[in-house]
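First up is the structure itself, then whatever we jot down about it.
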Amino acid sequence: MDNGKGIITKLPNPNAGRPHYTTASEVATMDFPCIGLKYSQYTGTRSLRLDSSSKSPVGTEYIFMERSPGVELDNVWENMSGPARLKIVEAPTEYEASFVTCSLSMYGSLCYVNDVHEVLPSQMVHLPSSTSVRREPHRQFAVGPTTNRTYFDDGCGEVDSDLGPYQTFDDNIRS
Numbered sequence: 162m163d164n165g166k167g168i169i170t171k172l173p174n175p176n177a178g179r180p181h182y183t184t185a186s187e188v189a190t191m192d193f194p195c196i197g198l199k200y201s202q203y204t205g206t207r208s209l210r211l212d213s214s215s216k217s218p219v220g221t222e223y224i225f226m227e228r229s230p231g232v233e234l235d236n237v238w239e240n241m242s243g244p245a246r247l248k249i250v251e252a253p254t255e256y257e258a259s260f261v262t263c264s265l266s267m268y269g270s271l272c273y274v275n276d277v278h279e280v281l282p283s284q285m286v287h288l289p290s291s292t293s294v295r296r297e298p299h300r301q302f303a304v305g306p307t308t309n310r311t312y313f314d315d316g317c318g319e320v321d322s323d324l325g326p327y328q329t330f331d332d333n334i335r336s
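In the working numbering, the protein residues as written are 162 to 336.
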């Protein structure tokens, strides 16, 4: 691009999982640390545009993502000091700890509210009070149907089954 940033286009693998929800959940999961949690140290990929419909102008679902800045860790790891390596290893722990600040009351996959049909109040993701997302309905998150590969591998995707979201872990297992 003319601003020095790069774009990655992601098309779904034919065996990726349930159409629409897999793409929608991938985007919500990428956006959640920045939008939902306001995790300021997050430098991962950010989505720029998506269409989770196979009826898009290009004939398939797609995600346009901003290319993450930096270099591949494999190219610099050997030359890094011990403390620098430790900092890299500790970073995911801090990142994951930020997820504890929100409340997920159901089992399923993270989605934007607009990507889930008939959202119940119990499906809403309750964010920390420090975020401004609540004032932007199109940026609210909900728990949608699962996109876990277990439900689609070995022909399981061909069976009409309840994909959630589930109220309890037992409901998830029984499905």
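Ideal Cβ placement from N, Cα and C applies to all residues, glycine included.
With respect to P180, S217 sits apart: the two C-beta atoms are not nearer than 9 Å.
When secondary structure is reduced to three states using DSSP, G231 falls in the coil class, being assigned neither helix nor strand.
Here M267 is not near Y182, since their CB atoms are 9 Å or more apart.
Cβ contact annotation for S322 (same chain, cutoff 8 Å, sequence separation greater than five): Y312, S336, in chain order. Between A177 and G316, the alpha-carbon positions lie close to 13 Å from each other. Setting aside the 5 residues that flank it on each side, N333 is surrounded in the same chain by Y268, G325, Y327, each with a C-beta closer than 7 Å to its C-beta; the list follows chain order. Excluding its 5 nearest sequence neighbours in each direction, V274 has C-beta neighbours in its own chain below 6 Å: V280, Q301, A303, listed in chain order.
In chain order, I249 place their CB closer than 8 Å to the CB of M241, counting only its own chain and leaving out the 5 sequence neighbours on each side.
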